[in-house]
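Quick notes on the structure that follows.
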Amino acid sequence: MKCLNCGQIILQQLTIREIIGLERIIVDNLCHFCRQQLKILNDESGCNYCSKSGEEAVCQDCLIWQKEYQLTNYHSAIFSYNRFMHDYFKKYKRYGDVILADMFQKDLQVWAQKNKFDLVTYVPSSQSHLELRGFDPVYELYRNIFKLEKLFKKNDSDKPQSQKNKRERMRTPQTFRLGPGFRKSDSQKKVLIVDDIYTTGRTILHARHLLEINGFQNIYTFSLTR
């Protein structure tokens, strides 16, 4: 097996329980050297609401969102958005290397085993981005981790989030409408919304708010990076 980032051969040692089938084998697609370049977020030393590292109690973004929304359930993420993650998403999303969707499967599987939900949905690409890229990066990232329901459709915008400054991101109007997988009967379920990157929280809070105004209350959010 080769590292999906650098191509180095990976020799994975299996435990006895994995060998005899008592535990599921979780494949690691990153070599030790590449994994050392990741920064894992620590829940105990960041923003209480969004996991942003280096913050005390509540970060400035979440203080702003508290005025607009009632933040109850916290946002979870695994990694900090550092240089390694920047380069990863550049190759994955900008250059369209869809194979890289599986790079963090081990980390996502471990997280999913510890956190259970009744229904999992995702932040979709707009139709124009889907046609341009040829795949939905968030869907591909989680397709083997969760059974994903399409609760949202994303409207096309005149400018991608990645090209906006922070002020523009924070002021972005609602970009979602209900998708084909939405069912009012699911409103009492424990729901998870997944995304790839959490920057200011604007996008995922729009998605969450759309469910809230349609009767959903037990909503959690998650992203690979923050």
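Residue numbers (my numbering): -16 to 209.
Every residue, glycine too, gets a C-beta built ideally from N, C-alpha and C.
Residues near residue i in its chain [Cβ-Cβ closer than 6 Å; skip 5 each side]
i, result
"Y57", "Y32"
"L91", "I128"
"K76", "P120"
"K136", "R160 and G162"
"R126", "none"
"R66", "none"
Where residue i falls, given that 16 or more other Cβ within 10 Å makes a residue buried
i, result
"A40", "exposed"
"I47", "exposed"
"G29", "buried"
"K49", "According to the sequence shown, residue 49 is Gln rather than Lys. It is exposed - the Cβ of Q49 has fewer than 16 other Cβ atoms within 10 Å."
"S34", "buried"
"L246", "Only positions -16 to 209 of the chain appear in the structure, and residue 246 is not among them; the question remains open."
"T182", "buried"
"L115", "exposed"
Length of the line joining the Cα atoms of residue i and residue j
i, j, result
"N197", "S170", "8 Å"
"G(-10)", "M(-16)", "9 Å"
"F16", "L207", "20 Å"
"L161", "S168", "14 Å"
"K173", "Y78", "35 Å"
"D119", "R191", "19 Å"
"I8", "Q(-5)", "10 Å"
"K74", "G164", "30 Å"
"Y203", "Q157", "19 Å"
"S140", "R18", "35 Å"
"K149", "Y64", "15 Å"
"V154", "I(-7)", "Reading the sequence as shown, one finds Arg at residue 154 and not Val. One C-alpha to the other measures close to 45 Å."
"F100", "E151", "33 Å"
"Q24", "T55", "According to the sequence displayed, residue 24 carries Leu and not Gln. Taking the straight line joining both Cα atoms gives about 20 Å."
"I224", "D70", "There is no way to answer for residue 224, as the model of the chain reaches only from -16 to 209."
"Q200", "L134", "15 Å"
"I51", "K97", "Reading off the sequence shown, one finds Glu at residue 51, where the question assumed Ile. When rounded, the distance between both Cα atoms is 31 Å."
"C42", "K147", "20 Å"
"F205", "G4", "30 Å"
"F159", "E195", "13 Å"
"L193", "S36", "28 Å"
"Q53", "V93", "29 Å"
Supposed close pair residue i, residue j - CB separation, criterion 8 Å
i, j, result
"A84", "L124", "5 Å"
"V106", "T186", "6 Å"
"N12", "M68", "15 Å between Cβ atoms; not a contact."
"L21", "F62", "5 Å"
"R209", "A60", "4 Å"
"D179", "V121", "5 Å"
"K130", "V10", "Actually they do not touch by this definition, with Cβ atoms about 20 Å apart."
"E132", "L102", "6 Å"
Neighbourhood of residue i by C-beta, 7 Å cutoff - its chain only, sequence neighbours within 5 removed
i, result
"G117", "G79"
"E1", "I8"
"S111", "D139"
Neighbourhood of residue i by C-beta distance below 8 Å, restricted to the same chain and skipping five residues each side
i, result
"L(-13)", "N12, L13, I82, L83, D85 and M86"
"Q6", "The sequence given here has Glu at residue 6, not Gln. The answer, listed in chain order, is T(-2) and R0."
Contact with chain B by residue i, beta-carbon distance below 7 Å
i, result
"K99", "Absence of chain B from the displayed structure is noted, only one protein chain being present."
| said: Taking contact to mean 3 or more Cβ pairs, one atom from each stretch, closer than 8 Å, check whether the segment 97 to 112 and the segment 178 to 194 are in contact. | reply: yes
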